Each structure stands twice: as C-alpha cells, then as structure tokens.
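Read the structure below first, then the notes.
Number of protein chains: 2
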Amino acid sequence: MGQDTARTGRKPRADGLRNREKLLSAAREVFSAGGPEASLEAVAKRAGVGIGTLYRHFPTREALFQAVYMREADQMVSMAESLGGLPPEEALRTWMRGFIGMVATKKGMLSALAPALDSDCPTFADAADRMRATAGLLLDRGREEGVFRSDISPEEMLRVFVGVCYTRDIEGWRDTVTRMLDIFIDGMTCLPDGR
Amino acid sequence: MGQDTARTGRKPRADGLRNREKLLSAAREVFSAGGPEASLEAVAKRAGVGIGTLYRHFPTREALFQAVYMREADQMVSMAESLGGLPPEEALRTWMRGFIGMVATKKGMLSALAPALDSDCPTFADAADRMRATAGLLLDRGREEGVFRSDISPEEMLRVFVGVCYTRDIEGWRDTVTRMLDIFIDGMTCLPDGR
DNA sequence: CTTTATACGGAGGGTGCCTCCGTTTATCAA
DNA sequence: TTGATAAACGGAGGCACCCTCCGTATAAAG
Numbered sequence: 698m699g700q701d702t703a704r705t706g707r708k709p710r711a712d713g714l715r716n717r718e719k720l721l722s723a724a725r726e727v728f729s730a731g732g733p734e735a736s737l738e739a740v741a742k743r744a745g746v747g748i749g750t751l752y753r754h755f756p757t758r759e760a761l762f763q764a765v766y767m768r769e770a771d772q773m774v775s776m777a778e779s780l781g782g783l784p785p786e787e788a789l790r791t792w793m794r795g796f797i798g799m800v801a802t803k804k805g806m807l808s809a810l811a812p813a814l815d816s817d818c819p820t821f822a823d824a825a826d827r828m829r830a831t832a833g834l835l836l837d838r839g840r841e842e843g844v845f846r847s848d849i850s851p852e853e854m855l856r857v858f859v860g861v862c863y864t865r866d867i868e869g870w871r872d873t874v875t876r877m878l879d880i881f882i883d884g885m886t887c888l889p890d891g892r
Numbered sequence: 698m699g700q701d702t703a704r705t706g707r708k709p710r711a712d713g714l715r716n717r718e719k720l721l722s723a724a725r726e727v728f729s730a731g732g733p734e735a736s737l738e739a740v741a742k743r744a745g746v747g748i749g750t751l752y753r754h755f756p757t758r759e760a761l762f763q764a765v766y767m768r769e770a771d772q773m774v775s776m777a778e779s780l781g782g783l784p785p786e787e788a789l790r791t792w793m794r795g796f797i798g799m800v801a802t803k804k805g806m807l808s809a810l811a812p813a814l815d816s817d818c819p820t821f822a823d824a825a826d827r828m829r830a831t832a833g834l835l836l837d838r839g840r841e842e843g844v845f846r847s848d849i850s851p852e853e854m855l856r857v858f859v860g861v862c863y864t865r866d867i868e869g870w871r872d873t874v875t876r877m878l879d880i881f882i883d884g885m886t887c888l889p890d891g892r
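Chains Z and G are the protein sequences, given in the same order.
Here my numbering is used: the first residue of the first sequence is 698, the next is one more, and so on.
Here my numbering is used: the first residue of the second sequence is 698, the next is one more, and so on.
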C-alpha cells in the first residue's frame, strides 16, 4: 500500500488502513483455529477482502505472522521491564514462564518468532531486536551478580526457548516444557562453589 | 504394495522391491538437496517412477521420511551401545554430539524424528521406541550412579534435543547447538553437594 | 468536480497433493 | 509353455493453494 505515501506527502487512504486491520484480526482468528499453515485465501475471505489485497499488505506469510504477533513480542518486552525488582534468576524464570504461556495460547507465535530472529526486514528486525535486548537485559543483570554463566548470548537463549517450545501437541505440554527450560536454566546458573 | 502377499503366500514381486529401493535413494538425494519440503513428484521423477507408485509404497510424506531416516536412527542406537564403557555423563554427552552430527548432515532427519515420536504406525513406532529405549538406557545408567536427576524422561530429553536442533541455518550452528545442549546436560546432572 | 495517486479484487497460470482406475507384468500352477 | 490371476505400475484428473498482474474503483488534493 502506501509505498509512496511518504514521497507524495498524501494522507494514507482510509480504506487501506481499515483493510489492514481487518486482515490482522482475521489472521489472528484463522491461525488460532487452523494452525500456522492455514490458507492465506481463508484469511482474505474471512476478512472480506480480495486475495490481492492481502498480498499487497503482507507480501509473505511471514510478514503477516510477524505483524500479527508483534503485539505479543511487545508484551514480552514490557513484562521483562516489570521484573526489575526480582533477583535475576527468579526474574528470568518468571519471564520464561511468561514466554511459555504466550506460546501456549498463540500457537502461531513460534512460526513468527523463529524467522523473525533472522529477518532483515527493518520493521520486524526491530521487534526481534527488542526481544533480544530484553533477553540480554535479564542475562546481564544476572551476570553482574555472578549468577549466570557468560558463554551464552541472549539470542542463543531465545533460540533454545523457541526450539524447546516447538515440541507441541502432547499431553501436559506446558508442564513438560516448563520443566525442561527450568533444567536448562539450572544449567545456566553458576553454582556458588564454582560450578 | 504387498498388502496381500502374506495372505496368498506369493513371493513379493521383484519390481516392487526394486522400485522401493529406487524411491528411497531418490528421496535421500532430493531431500538432501531441496530440504524436507521438496516435492514428492520430484522424488518420483528422479526415481523414474510414477507418482502413484510412490504413494503406494509410502502413503504419506512422513512415512517416506521415516523410511529414509530409519537407518540413521539405527546408527544412533548402535552408537549408544558402543558407549557402554564410558562413565554415564560422558556417554550421554558423546551421544548427544553424535546426534547433532547426524542432524548436521541429514537435514531432513528432524522432520522425520519429530513426528516419529508420536507416530502410531507400528513399523516406525518401533524405530522411535528403539530411540527412546536407547536414550532411556543412557539416562538410567547415570541415575543409578546418582549422576542425573530423575525428573526427566528419555522421551522428554529427546524432544529437547530435537527442539534445540530445529534452530538451523545460522553461522556456527553446530557449535552453538552443542554448547546449548551441554548446558542442558549440565542442568540435568546432580551436583555432588545436592545440586 | 476533476485529477491522480492509491488501493481494490479476483481471474489465471503455476505447482503440488493425492486418488482412482485401466494397463502391464511377475508369479504360480497346470 | 502357457494361461490365470494377484500385484504393481503410471499418469490423468480433480482439488487446493500460491502468487502475480492489471483493469477497475475510490479517496485525497486542488
């Protein structure tokens, strides 16, 4: 849509913005119900919009994912900010649980997050950066106090979170995944006696 | 193919067996080159066989994956057996490295392994069982000696291995993944002082 | 009310999935 | 050998989805 809006200084068209919103909420519904590989044509239909319109707004499936779940990424960021009071390890574990909870409801999120970590599209690379920065903050705080080992980067930690969460679709998914990541964090902590 | 071979006691047809082999090696090549979502029609073509023949031998994409990578699963099993001499923790870490090495070359393997863990098709559930049993063996040995904690099942550990490996396609993938899983195993070990 | 930049919609060409069934062929028994 | 028959073959065809392209519609600006 407004690829030249900036160039000509015109106001963005109202119908364009409206359709964008319709598409986003349709996508949210469709991906929730049908999983992340639901058909894009179904999304367009649900939004009451032509398939061409969908593609103009979101040139790739991933672009749509990322737009849909950007909000969630922001929630993760602001949640981390509210964790400032806790001791680092507890903060990280709490954040990790929040992450899992987020994934638990929004099944499409992983499909958005994983590629977002590599994305070079500026808009979304930005969201990914905020996530990375957030994770980095939690890690650094712990490192300063000598709680976490230092041979792991924020990005790597995020990738592990994402990877372990991929294991979906089993009874007791949430408990299992939480336990697994708790074990991982155990491994990340330096013990008082030097490890 | 031989759905009634057993019933009528006829020898299985030679061309059937031949085509099965041709399909398997074609699949191996095509999946190596084009990734796990390469087209099945390409596989059939490469094997010099009709698409119908492919589907008769392997009714689903997963069935084909699993058949292709069954061999690799067996290698993992027999590798574990050769690790009997090592102390449990070292054995597990070595096996884990072997696992990563396997995934590093056969990119399609993950797509086979993950669903195989849930599969109810008897033939392949069997391969998955052997993997589970193997992992269980490594774990149990360690538990007896009080090296590993006991709140993790073989299956869960495998799922973590698989999940973390999903993080592909980055510079230094192999080192990163190895480091991450080493950290996970650190978390799995009980420290002498009680944790 | 015109002009024009924007956006819309969906037809259409392409690819891949999977099924179905007429044809071919390997095995077996006579 | 030679038929009979079970087993396997192959690819046409129906379907769903992907994505592009372009004629049409319409909101903003003057």
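C-beta atoms are modelled at their ideal positions from N, C-alpha and C, and glycine is treated no differently.
In this text the structure is predicted, and so the values were computed from the model without any measurement.
If the five residues before and after A744 (chain Z) are omitted, its C-beta is found closer than 6 Å to the C-beta atoms of K719, L720 and A723, all from its own chain and listed in chain order. Residue range R758 to E778 is occupied by the alpha helix (DSSP H) that includes S775 (chain G). For T875 (chain Z), the closest of Z:P851, Z:T864, Z:R794 and Z:E841 by C-alpha to C-alpha distance is Z:R794.
The residues M767 and A770, in chain order, have a CB closer than 6 Å to that of A824 (chain Z) in the same chain once the five nearest residues on each side in sequence are set aside. Using a Cβ-Cβ cut-off of 9 Å, V861 (chain Z) counts as an interface residue toward chain G, since at least one Cβ of chain G sits closer than that to its own.
Chain-order list of chain Z residues neighbouring I849 (chain G): R876, M877 and I880, by C-beta distance under 8 Å.
Proximity of G843 (chain Z) to chain G, defined by a Cβ-Cβ separation below 9 Å, is not satisfied. When secondary structure is reduced to three states using DSSP, T831 (chain G) falls in the helix class. For F845 (chain G), the pairing in a beta bridge is given by DSSP as G:T886.
Taking the C-beta atoms as reference points, C887 (chain G) is found no nearer than 9 Å to I797 (chain G).
Per DSSP, V746 (chain G) lies in no alpha helix (DSSP H) segment and is marked neither H nor E. The beta carbon of M828 (chain G) sits closer than 7 Å to the beta carbons of A770, M773, V774 and L855 from its chain, once the five residues preceding and following it are set aside; these are given in chain order.
Taking the C-beta atoms as reference points, E738 (chain Z) is found no nearer than 9 Å to A809 (chain Z). Annotation for A724 (chain G): the continuous alpha helix (DSSP H) segment containing it runs A711 to G731. It is roughly 37 Å from the alpha-carbon of I867 (chain Z) to the alpha-carbon of G749 (chain Z).
Taking the beta carbon of R856 (chain Z) as reference, the chain G residues within 7 Å of it are T864, listed in sequence order.
Spatial neighbours of A832 (chain G) in its own chain (CB-CB distance under 7 Å, excluding positions within 5 residues in sequence) are listed in chain order as P851, M854 and L855. Close CB contacts of M799 (chain Z) within its chain, under the 8 Å cut and outside five residues either way in sequence, are with E769, Q772, M773 and M806 (chain order).
The shortest C-alpha to C-alpha distance from D815 (chain G) to any of G:F845, G:K803, G:Q763 and G:T873 is the one to G:Q763. For P785 (chain Z), the uninterrupted alpha helix (DSSP H) run begins and ends at P785 to T802, by DSSP. Counting along the chain, the unbroken alpha helix (DSSP H) around L855 (chain Z) starts and ends at P851 to Y863. Under the 9 Å criterion on CB atoms, M885 (chain Z) is classed as interfacial with respect to chain G. Counted as a single uninterrupted DSSP element, the alpha helix (DSSP H) harbouring L810 (chain Z) occupies residues M806 to A813. Neighbours of E868 (chain G) in chain Z, taken as residues at a C-beta separation under 9 Å, are lacking, since the least C-beta distance is about 11 Å. In its chain, beyond the 5 residues on either side, A788, T791, W792 and L835 have a beta carbon closer than 8 Å to the beta carbon of L780 (chain Z). In the structure shown, the three-state DSSP call for G782 (chain G) is coil. Chain G places no beta carbon closer than 9 Å to that of R871 (chain Z), leaving this residue out of the contacts. With respect to the 9 Å criterion, I849 (chain G) and F881 (chain Z) are not classified as neighbours on the basis of their beta carbons. Taking 9 Å as the threshold, the shortest C-beta distance from A811 (chain Z) to chain G falls below it. Under the three-state reduction of DSSP, F755 (chain Z) is assigned to coil, being neither helix nor strand.
Shown here, G869 (chain G) sits in coil according to DSSP, grouped into three states, outside any helix or strand. The contact set of E853 (chain Z) on chain G, defined by CB atoms closer than 8 Å, consists of T873, R876 and M877 in chain order.
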